[in-house]
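J.: Take 0 as the starting number for the sequence shown in numbering that gives the first Met the number 0 and just add one per residue. Glycine is no exception: its CB is placed at the ideal position from the N, C-alpha and C atoms.
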Amino acid sequence: MANDPAADSPTSDAAEPLANDPAAMDTAEQEPEIPADALPPPTFASLVQILSAQAMAAMGIVPGPDGKAHRQPQVAKHFIDLLAVLEDKTRDRLDPLEHKLLDESLHHLRMAFVAVQRSD
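(1) Return the CA-CA distance between Leu93 and Arg70, expressed in angstroms with no decimal places.
(2) Leaving out the 5 sequence neighbours to the left and right, which residues in its chain are closer than 6 Å to His107 when beta-carbon positions are compared?
(3) Return helix, strand or coil for Asp80, following the three-state DSSP convention.
(4) Could you tell me which of Gly66, Arg117 and Ile49 sits nearest to Leu105, measuring between CA atoms?
(5) My guess is that Ala120 and Val61 are in contact by the Cβ rule of under 8 Å, so how many angstroms apart are they, rounded?
(6) Quick check on DSSP: helix, strand or coil for Arg117?
(7) For the alpha helix (DSSP H) holding Gln53, just list the boundary residues, first then last.
(8) Just the Cα atoms here: how many angstroms apart are Pro95 and Asp102?
(9) Which of helix, strand or coil does DSSP assign to His69?
(10) Rounded to whole angstroms, what's the CA-CA distance from Ala35 to Arg117? Just pull it up for me.
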């Protein structure tokens, strides 16, 4: 179909180089496929732990992927604020253990954030 308007659209032309980009293919080939059964089940606790770990890494409490601690206070605050949104949106819907985990995680992260800010 020579008169197909989709074939002439700039988006179809722009997407083509990405599909043929050797750098993109190399990255995909280097990353091993993770079997679904190797991942832990998605839980509320996992979500809280992931967001907490990101906040701690951004505060420089735990090292980043490169093994070095990096302080990014605004990023840390963002992850703490995300947990606060989670707390607000799940209020009165969590079981006691989930509530305790979220409450204690937020408390410890907020105290650590203040301590890190004071040490600068």
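T.: Taking the structure as given:
(1) Taking the Cα positions, Leu93 is about 32 Å away from Arg70.
(2) So the list is empty, once near-sequence residues are dropped.
(3) Three-state DSSP puts Asp80 in a helix.
(4) Nearest in C-alpha terms to Leu105, of all of Gly66, Arg117 and Ile49, is Ile49.
(5) Only positions 0 to 119 of the chain appear in this structure, which leaves residue 120 out of reach.
(6) The DSSP-derived three-state label of Arg117 is helix.
(7) For Gln53, the uninterrupted alpha helix (DSSP H) segment begins and ends at Phe43 to Met58.
(8) Answer to the nearest angstrom: the Cα atoms are 10 Å apart.
(9) Three-state result, His69: coil.
(10) Computed Cα separation, rounded: 43 Å.
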